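Residue numbers (UniProt numbering), protein chains in the order written: chain A, 1 to 180; chain B, 1 to 180.
Worksheet: one structure, shown below.
Protein chains: 2
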Amino acid sequence: MKKFEEKTIDTEKIFDGKVIKLQVDSVTLPDGNTSKRELIKHPGAVAIIALTEENNIVFVEQYRKALEKSILEIPAGKLEDGEAPEVTAKRELEEETGYTTDHLELVTSFYTSPGFADELVYVYFTNQLKRLQEDIAGDEDEFVEKYELPLGEAERLMEEKRIHDAKTAYALLYLKTRGE
Amino acid sequence: MKKFEEKTIDTEKIFDGKVIKLQVDSVTLPDGNTSKRELIKHPGAVAIIALTEENNIVFVEQYRKALEKSILEIPAGKLEDGEAPEVTAKRELEEETGYTTDHLELVTSFYTSPGFADELVYVYFTNQLKRLQEDIAGDEDEFVEKYELPLGEAERLMEEKRIHDAKTAYALLYLKTRGE
Numbered sequence: 001m002k003k004f005e006e007k008t009i010d011t012e013k014i015f016d017g018k019v020i021k022l023q024v025d026s027v028t029l030p031d032g033n034t035s036k037r038e039l040i041k042h043p044g045a046v047a048i049i050a051l052t053e054e055n056n057i058v059f060v061e062q063y064r065k066a067l068e069k070s071i072l073e074i075p076a077g078k079l080e081d082g083e084a085p086e087v088t089a090k091r092e093l094e095e096e097t098g099y100t101t102d103h104l105e106l107v108t109s110f111y112t113s114p115g116f117a118d119e120l121v122y123v124y125f126t127n128q129l130k131r132l133q134e135d136i137a138g139d140e141d142e143f144v145e146k147y148e149l150p151l152g153e154a155e156r157l158m159e160e161k162r163i164h165d166a167k168t169a170y171a172l173l174y175l176k177t178r179g180e
Numbered sequence: 001m002k003k004f005e006e007k008t009i010d011t012e013k014i015f016d017g018k019v020i021k022l023q024v025d026s027v028t029l030p031d032g033n034t035s036k037r038e039l040i041k042h043p044g045a046v047a048i049i050a051l052t053e054e055n056n057i058v059f060v061e062q063y064r065k066a067l068e069k070s071i072l073e074i075p076a077g078k079l080e081d082g083e084a085p086e087v088t089a090k091r092e093l094e095e096e097t098g099y100t101t102d103h104l105e106l107v108t109s110f111y112t113s114p115g116f117a118d119e120l121v122y123v124y125f126t127n128q129l130k131r132l133q134e135d136i137a138g139d140e141d142e143f144v145e146k147y148e149l150p151l152g153e154a155e156r157l158m159e160e161k162r163i164h165d166a167k168t169a170y171a172l173l174y175l176k177t178r179g180e
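Right, here's the structure in full:
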C-alpha cells in the first residue's frame with residue numbers, strides 16, 4: 001500500500017558501516033510540501049523462540065553497547081548477504097546456544113522501528129532442539145552466555161528489565177498464548 | 001548488569017539529525033581485543049494500545065519512508081525533550097486519533113533494536129477513551145488515517161503484512177492474553 005506516499009526528491013548518503021547505513025531523503029509530502037527523512041538501512045535479522053525438552057526458554061545474555069548494559073534476549077542475529085532467513089536462524093541458534101534443530105516454524109516477521117529503520121526481524125519457533133557435539137564459534141567480537149529459564153522466571157526478569165527488548169517481549173507473550 | 005562490558009576507547013560522532021544521531025564507538029572487548037560499534041541515539045517513544053467502547057482497537061495508517069509502504073500501527077510518537085512518557089502518550093493519542101483519556105496504564109517498555117539503537121518504547125493501555133470536541137493538529141509533516149478494528153480483523157491484517165511492526169505485533173498478543 002502506498003497511501004500518503006512520500007516521493008523521493010533527493011537522497012544524501014551519510015554513512016556506510018559494517019552493520020547499518022544512514023541516508024537522508026528529501027521527500028514530497030501528500031500536501032505538496034517537502035520534508036526530510038533520516039533513514040537507517042539494515043540487512044534484517046532473525047530471532048528464535050526455542051524451547052528445551054524441559055519446556056524452558058533458551059536465552060542469551062549479551063552486552064549491548066547501545067544500551068550500556070547486558071540483557072537477556074532470545075537468540076538472534078543479522079542476515080548475511082543473500083542468506084535465507086531460516087539458514088541464518090539455524091546458524092545463530094548453533095553459534096549462540098550449542099543447540100541445533102531441523103524444525104523451525106516461522107511465527108511472524110516485523111519491522112522493529114518503522115519510523116527510521118528498515119530492519120525486519122523474522123521470528124522462528126522450535127521445540128525440537130538437539131545438542132551439538134561440539135561448540136561452533138560465533139562472531140569473534142560477540143560474547144554471549146546461555147540461559148534456560150521457565151516462562152514464569154522470564155516474566156519476572158522482564159519486570160526487572162533484565163529482559164528489555166521488543167522481540168523477547170513478543171516471544172514471552174507468544175509462549176503465553178501458545179500455552180507452553 | 002555490566003557482564004561482558006565493552007569499554008569505550010573513542011567516540012566518533014557522525015550525524016546529528018532531527019530524530020536520530022549516529023556515532024561509532026571504538027570499544028575494548030572482554031577478551032582485550034578491540035572492535036567498533038555503530039550506534040543510533042534516539043529520544044525514545046511511546047505507543048498506546050487503545051480500545052474503544054465497542055472493544056475495537058485504534059490504529060493509525062501512515063506512510064513509512066524507511067519501508068516505502070504504508071502500514072497500520074497502534075498510535076505512537078517520539079518523546080519530546082524532557083517530556084514524561086505519559087504526557088507524550090496522551091498528546092499522541094489526541095493528535096493521531098481524536099480521542100483522549102485520563103487513564104493510561106503502563107504495560108511495559110522495551111528497546112526496539114538493542115543491537116544498534118537505544119530507542120526505548122513505553123507501551124500504554126487504555127480502554128477509557130473520550131472523543132475530543134475538536135481535532136488537534138499533529139506534526140505538519142505527518143499524515144495519518146484512523147481505523148478502529150476488532151482483534152480478529154487486526155490479526156488477519158498482520159498475516160497480510162498490512163500490520164507489520166514490532167510494537168503492534170506485541171499489542172495484538174497483549175490483547176489476546178488479556179482476553180479482550
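From the three backbone atoms N, C-alpha and C, an ideal C-beta is built for every residue, glycine too.
Nothing here was measured: the structure is a model prediction, and the numbers come from that model.
Residue i - partner residues in DSSP beta bridges
{"i": "Asp16(A)", "result": "Lys21(A)"}
{"i": "Phe110(B)", "result": "Val121(B)"}
{"i": "Leu51(A)", "result": "Ile57(A)"}
{"i": "Gly77(A)", "result": "Val46(A)"}
{"i": "Lys90(B)", "result": "In DSSP, Lys90(B) forms no bridge with anything."}
{"i": "Leu72(A)", "result": "Glu61(A)"}
{"i": "Ile40(B)", "result": "Leu22(B), Ala117(B)"}
{"i": "Leu149(B)", "result": "Ile57(B)"}
{"i": "Tyr99(A)", "result": "Arg131(A)"}
{"i": "Glu159(A)", "result": "In the DSSP output, where bridge partners are listed per residue, Glu159(A) has none listed."}
{"i": "residue 181(A)", "result": "Here chain A comprises residues numbered 1 to 180, so residue 181(A) is not present and cannot be evaluated."}
{"i": "Lys7(B)", "result": "Thr28(B)"}
{"i": "Asp165(A)", "result": "Tyr111(B)"}
{"i": "Thr177(B)", "result": "None; Thr177(B) has no bridge partner."}
Selection from the options that minimises the alpha carbon distance to residue i
{"i": "residue 189(B)", "options": "Glu95(B), Glu54(B), Asp16(B)", "result": "In the structure displayed, chain B extends from 1 to 180; residue 189(B) sits before or after that span and is not available."}
{"i": "Arg131(B)", "options": "Glu68(B), Lys21(B), Thr100(B)", "result": "Thr100(B)"}
{"i": "Gly138(B)", "options": "Thr8(B), Ala89(B), Thr34(B)", "result": "Ala89(B)"}
{"i": "Gly17(B)", "options": "Asp16(A), Gly32(A), Leu22(A), Leu93(A)", "result": "Leu22(A)"}
{"i": "Glu142(A)", "options": "His103(A), Lys2(A), Ser70(A), Val121(A)", "result": "Ser70(A)"}
{"i": "Asp165(B)", "options": "Met1(B), Leu67(B), Asp31(B), Glu134(B)", "result": "Leu67(B)"}
{"i": "Tyr124(B)", "options": "Ala171(B), Asp31(B), Lys7(B)", "result": "Ala171(B)"}
{"i": "Ser77(B)", "options": "Glu92(B), Ala84(B), Asp135(B), Lys65(B)", "result": "Looking at the sequence shown, residue 77(B) is not Ser but Gly. The residue with the shortest Cα to Cα distance from Gly77(B) is Glu92(B)."}
{"i": "Asn127(B)", "options": "Glu134(B), Glu105(B), Thr112(B), Asp118(B)", "result": "Glu105(B)"}
{"i": "Gly82(B)", "options": "Asp118(B), Gly44(B), Gln133(B), His103(B)", "result": "Gly44(B)"}
{"i": "Asn33(B)", "options": "Ile9(B), Leu120(B), Ala154(B)", "result": "Ile9(B)"}
{"i": "Ile20(A)", "options": "Lys167(A), Glu159(A), Asp118(A), Pro30(A)", "result": "Asp118(A)"}
{"i": "Lys176(A)", "options": "Pro30(A), Glu159(A), Ala154(A)", "result": "Ala154(A)"}
{"i": "Leu120(B)", "options": "Ile163(A), His103(A), Arg156(A)", "result": "Ile163(A)"}
{"i": "Lys65(A)", "options": "Lys41(B), Glu160(B), Val87(B)", "result": "Lys41(B)"}
Nearest-angstrom Cβ-Cβ length linking residue i and residue j, presumed shorter than 8 Å
{"i": "Glu140(A)", "j": "Asn56(A)", "result": "With 8 Å as the limit, Glu140(A) and Asn56(A) do not qualify as a contact, their Cβ atoms being about 29 Å apart."}
{"i": "Leu39(B)", "j": "Phe116(B)", "result": "6 Å"}
Proximity below 9 Å, CB of residue i to CB of residue j
{"i": "residue 182(A)", "j": "Glu73(A)", "result": "Because chain A in this structure spans residues 1 to 180, residue 182(A) falls outside the shown range and cannot be described."}
{"i": "Lys3(B)", "j": "Tyr63(A)", "result": "yes"}
{"i": "Pro75(B)", "j": "Thr97(B)", "result": "yes"}
{"i": "Lys146(B)", "j": "Val46(B)", "result": "no"}
{"i": "Thr112(A)", "j": "Thr112(B)", "result": "yes"}
Sequence-distant residues of the same chain with beta carbon closer than 7 Å to residue i, five excluded per side
{"i": "Tyr174(A)", "result": "Ile49, Val107"}
{"i": "Glu180(B)", "result": "Here the model assigns Glu180(B) a pLDDT of 48, short of 50, so the residue's position is not dependable, and the following value carries that caveat. Result list for Glu180(B): Leu51, Asn55, in chain order."}
{"i": "Leu129(B)", "result": "Ala50, Thr52, Tyr99, Thr101"}
{"i": "Lys7(A)", "result": "Val27, Thr28"}
{"i": "Ile136(B)", "result": "Glu94, Glu95"}
{"i": "residue 183(B)", "result": "This structure leaves residue 183(B) out entirely; chain B is present only between 1 and 180."}
Cβ-based neighbour list, residue i, same chain, cut-off 8 Å, excluding 5 preceding and 5 following
{"i": "Val24(A)", "result": "Thr11, Glu12, Ile14, Lys36, Arg37, Glu38, Leu39"}
{"i": "Pro30(B)", "result": "Phe4, Glu5, Glu6"}
{"i": "Val144(A)", "result": "Val60, Glu61, Gln62, Glu96, Gly138"}
{"i": "Leu157(A)", "result": "Leu72, Leu149, Ile163"}
Spatial neighbours of residue i in its chain, beta-carbon cut-off 6 Å, leaving aside the 5 residues before and after
{"i": "Met1(A)", "result": "none"}
{"i": "His103(B)", "result": "Thr126, Gln128"}
Where the stretch 25-41 of chain A meets chain C: residues whose CB sits under 8 Å from a CB there | No chain C appears in this structure, whose protein chains are A and B.
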